[in-house]
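In mature numbering (1 follows the signal peptide of the UniProt record, and there is no 0), the protein residues as written are -30 to -1, 1 to 251. Below is one structure, written out as structure tokens; the observations come after it.
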């Protein structure tokens, strides 16, 4: 082979590699952008967002995702604007928590419902980056064995309940060491059981606990704050597994985080009492 032919082949190979890298970069950039008529959307022209039924303050106020009042729906409308959608181009799909986190096709582009990112869930659904991590709170009725608890051993003396499929339940079992946690379909069932005297306590994210003790079960109180769940990276938006929307949504979410918008929403809606006692072991 002549030196000239070898040189041409080398240059051609280099050009092919450069073109491949260029195409990859363009493809990645395209994945991180979009418009309301993007073919990746569940419904063209609309951003379809899954959430619970019902929803609770301070996550969403007055059981109305459309109001934009509350941490999660305010975040969604800010995210939608960042992605190029008007407020009236956001539509909500109401589902149970179990329907939302189950494997398979989804009737939404992504969902928001205090959904914790875990390795187990990530095997069957997709996630955005984490946008918020909440501490856990112990909610107890007067006279409960945990009312004056100072250790995990004290906590284990109580009857506990939690909603099925939640990280609250696995936290109680795996971190605190609670045996025989009573399981309910949702948080409503948990609070009804507390009111009926069937359980003494439950655990929930601090914002959820603040609302519960102020509105849903006023006779209960937040007894303590528990350490972060090592298996709970925090809350993320949930997608179908392998959704092509993830890069686009994640890029917009990153911009909101870097601009301080998410922290402003946390400060507005998710304020916890800094004087609550903390039980660490």
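By construction, the Cβ of each residue, glycine as well, lies at the ideal position given by its N, Cα and C atoms.
If distances are taken between C-alpha atoms only, which option among the options comes closest to residue i?
i           : options               : result
residue 191 : 216, 164, 217 and 154 : 164
residue 172 : 15, 205 and 136       : 136
residue 94  : 114, 56, 211 and 241  : 211
residue 132 : 15, 119 and 170       : 170
residue 233 : 82, 129, 41 and 51    : 41
residue 222 : 247, 84 and 50        : 50
Need the endpoints of the alpha helix (DSSP H) that residue i sits in, please.
i           : result
residue 142 : Taken as a continuous stretch (DSSP letters only), residue 142 belongs to no alpha helix (DSSP H), as it is neither H nor E.
residue 239 : 231 to 239
residue 210 : Run containing residue 210: none in the alpha helix (DSSP H); it sits in the beta strand (DSSP E), 208 to 210.
residue 125 : 122 to 125
Give me the Cα-Cα distance between residue i and residue j, rounded to the nearest whole angstrom.
i           : j           : result
residue 22  : residue 60  : 16 Å
residue 124 : residue 239 : 31 Å
residue 183 : residue 189 : 7 Å
residue 112 : residue 6   : 51 Å
residue 3   : residue 226 : 15 Å
residue 194 : residue 209 : 33 Å
residue 127 : residue 15  : 54 Å
residue 230 : residue 167 : 43 Å
residue 12  : residue 66  : 19 Å
Take the Cβ of residue i as the centre, count every other Cβ of all protein chains shown within 10 Å, and call the residue buried at 16 or more, exposed below.
i           : result
residue 108 : buried
residue 245 : exposed
residue 91  : buried
residue 138 : buried
residue 155 : exposed
Taking Cβ to Cβ, would you say residue i is nearer than 8 Å to residue j?
i           : j           : result
residue 134 : residue 153 : yes
residue 99  : residue 224 : yes
residue 181 : residue 27  : yes
What are the boundary residues of the beta strand (DSSP E) that includes residue i?
i          : result
residue 22 : 17 to 22
residue 11 : Premise fails: residue 11 is in no beta strand (DSSP E) and is neither H nor E.
residue 26 : No beta strand (DSSP E) contains residue 26, which DSSP labels as neither H nor E.
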